[in-house]
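Read the structure below first, then the notes.
Below, the structure written as structure tokens:
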């Protein structure tokens, strides 16, 4: 296995600047003083990723009411993210990280077991970042189905 970053609670969240599905620049620094749920998913418009993204969509109101801002990150192009957002009515920012630099900074890219084969790819992960820009929760190698419900329970939302 290659060395992979492992973020732990109370560590500073790695800063980033990426384009969203509308071509707007989004930086973690813009959310200083706010709580963020940053989720990494393998590929837009695939079954598992659609399930997870729609679960976040369906939980946006209670999460926002509790003070959380949802951001999704994938290696997809801005154009594909726009199609994904339009197709599934995703209104939170979807961020394009084509070279996986932000994925790697969060430990959401590396070697993984995929149906018995070791491959390099996106490790489905979610990070809850507090108002001071620190990791509050680091959930790695999560399953798409049921993940948002478990996250809401963890956050008491």
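Numbering (my numbering), first residue to last: 2 to 158.
Where a beta carbon is used, it is the ideal one built from N, C-alpha and C, also for glycine.
Since residue i is in the alpha helix (DSSP H), which residue starts that stretch and which ends it?
i: residue 131; result: First-last for residue 131: undefined, no H or E at that position.
i: residue 113; result: Unbroken run through residue 113 is the beta strand (DSSP E), 110 to 115; no alpha helix (DSSP H).
i: residue 57; result: 48 to 59
i: residue 103; result: 102 to 106
For residue i, which residues from the same chain have a beta carbon less than 8 Å from its beta carbon, with the 5 sequence-adjacent residues on both sides left out?
i: residue 84; result: 45, 46
i: residue 68; result: 35, 36
i: residue 75; result: 41, 42, 43, 44, 45, 50, 82, 95, 96, 97, 98, 123
Excluding the 5 residues flanking residue i on each side, which residues of the same chain have their C-beta closer than 7 Å to its C-beta?
i: residue 60; result: 149, 153
i: residue 8; result: 107, 108, 128, 136, 139
i: residue 10; result: 136, 137, 138, 139
i: residue 101; result: 76, 110
i: residue 155; result: 138
Spatial neighbours of residue i within its chain, please: CB distance less than 6 Å, with the 5 preceding and 5 following residues excluded, ordered by chain position.
i: residue 40; result: 73, 127
i: residue 49; result: 145
i: residue 2; result: Low confidence applies to residue 2: its pLDDT is 46, below 50, so where it sits in the model is not reliable enough to give any reading.
i: residue 38; result: 69, 71, 129
i: residue 6; result: 108
Using only CA atoms, which one of the options lies nearest to residue i?
i: residue 12; options: 106, 122, 117; result: 106
i: residue 142; options: 155, 75, 103, 125; result: 125
i: residue 89; options: 151, 52, 64, 78; result: 52
i: residue 23; options: 66, 31, 86, 17; result: 86
i: residue 17; options: 4, 77, 32; result: 32
Output the boundary residues of the beta strand (DSSP E) element that contains residue i.
i: residue 26; result: 26 to 28
i: residue 13; result: Note, residue 13: premise wrong, no beta strand (DSSP E); not H, not E.
i: residue 71; result: 69 to 75
i: residue 95; result: 95 to 97
i: residue 39; result: 36 to 41
i: residue 80; result: Run containing residue 80: none in the beta strand (DSSP E); it sits in the alpha helix (DSSP H), 79 to 89.
i: residue 120; result: 118 to 123
Cβ atoms of residue j and residue i: under 7 Å apart, would you say?
i: residue 20; j: residue 54; result: no
i: residue 79; j: residue 93; result: no
i: residue 62; j: residue 158; result: no
i: residue 147; j: residue 14; result: no
Validate contact between the stretch 26 to 34 and the stretch 107 to 121 using beta carbons, cut 8 Å, 3 pairs
Output reads no: the stretch 107 to 121 does not touch the stretch 26 to 34.
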